[in-house]
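To keep things clear, I will list the structure first and then write my remarks on it.
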Amino acid sequence: MTFRATVLSLYPEMFPGPLGHSLAGRALERGDWSLDIRQIREFGRGRHRMVDDTPAGGGAGMVMRADVVADAIDAACPKGDTRPKLMMSPRGRPLTQDLVRELAAGEGALILCGRFEGVDERVIEGRGLREVSIGDYVLSGGETAALVLLDAVIRLLPGVMGNQQSGTHESFENGLLEHPHYTRPPEWEGRTIPAVLTSGDHGAVERWRRQEAERLTRARRPDLLGKD
Ligand code: SAH
Numbered sequence: 000m001t002f003r004a005t006v007l008s009l010y011p012e013m014f015p016g017p018l019g020h021s022l023a024g025r026a027l028e029r030g031d032w033s034l035d036i037r038q039i040r041e042f043g044r045g046r047h048r049m050v051d052d053t054p055a056g057g058g059a060g061m062v063m064r065a066d067v068v069a070d071a072i073d074a075a076c077p078k079g080d081t082r083p084k085l086m087m088s089p090r091g092r093p094l095t096q097d098l099v100r101e102l103a104a105g106e107g108a109l110i111l112c113g114r115f116e117g118v119d120e121r122v123i124e125g126r127g128l129r130e131v132s133i134g135d136y137v138l139s140g141g142e143t144a145a146l147v148l149l150d151a152v153i154r155l156l157p158g159v160m161g162n163q164q165s166g167t168h169e170s171f172e173n174g175l176l177e178h179p180h181y182t183r184p185p186e187w188e189g190r191t192i193p194a195v196l197t198s199g200d201h202g203a204v205e206r207w208r209r210q211e212a213e214r215l216t217r218a219r220r221p222d223l224l225g226k227d
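Residue numbers are given in our numbering: position 15 of the sequence shown equals residue 14, and the series is strictly consecutive.
Here's what the structure looks like:
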């Protein structure tokens, strides 16, 4: 099954951008996922194809028009298209690995990228857009946020990561941050590799990794503990 991503943006040339490279790029070429990128301005009003206007109630900046955005959504997403409709927004539900997994298990998503001050609230309600945030900071537009979301989802699609194992131990997959990694050379600038990792005792390696994951999580992200 192909995961179908439809992205609505005022800067479609920003896609696939980084998603055209490496894992995601090869998966796109193979058809493990598809990308339909739409220019919202095509639905703009008047000779100048206006997509935004001044905020009701006054204040700084511009707001994307509900009618324009709705037309773009309806053209990209005919009735019967059951994919979730997302809008990238700092006010949204935080993007977590749980949400990423949920999206990756589905048939795709429509993603609206905001610009300016944001989008008229009526189209968010009227088209049932689920707002998703990539963190507690403000970006200049939703495009980079959409790239982050899609990157996280695509790597979980079947067949995308060569080694399926490298998914299960990873940060957040078991409610913990990941343990530290080491590789050759055995000594670098006087620093060695923990002896247990070269002992050949797989049970001991597993126990050490688990302990380290717990230690790092307690030190750096105690909020994750006890969430499982
Ligand atoms: N005035 C808005 C910010 C607008 S930023 C506010 O204070 O909430 C312009 C656009 O960038 C937003 O519409 C959204 O699509 C995107 N954006 C900004 N920060 C984001 C974040 N943390 N997560 C997801 N999208 C974000």
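Ideal placement from N, C-alpha and C gives every residue a C-beta, glycine not left out. Everything numeric in this text was worked out from a predicted model, so none of it was measured.
Within 6 Å of the C-beta of SER88 there is at least one heavy atom belonging to the ligand SAH.
For GLU116, the CB falls within less than 6 Å of some heavy atom of the ligand SAH. Short note on GLY125: C-beta not closer than 6 Å to any heavy atom of the ligand SAH. Between the alpha carbons of LEU146 and LEU18 lies a gap of roughly 7 Å. Taking ARG90 as the centre and dropping the five residues before and after it, the same chain places the C-beta of GLU130, SER132 closer than 8 Å to its C-beta, in chain order.
LEU109: member of the beta strand (DSSP E) spanning 107-112, first to last residue. For SER139, the closest alpha carbon among the candidates GLY113, ILE153, VAL159 is that of GLY113. By the CB criterion at 7 Å, ARG121 and ALA71 fall outside the cutoff.
The closest CA to that of PRO83, considering only GLY117, ILE123, ALA59, PHE115, is found on ILE123.
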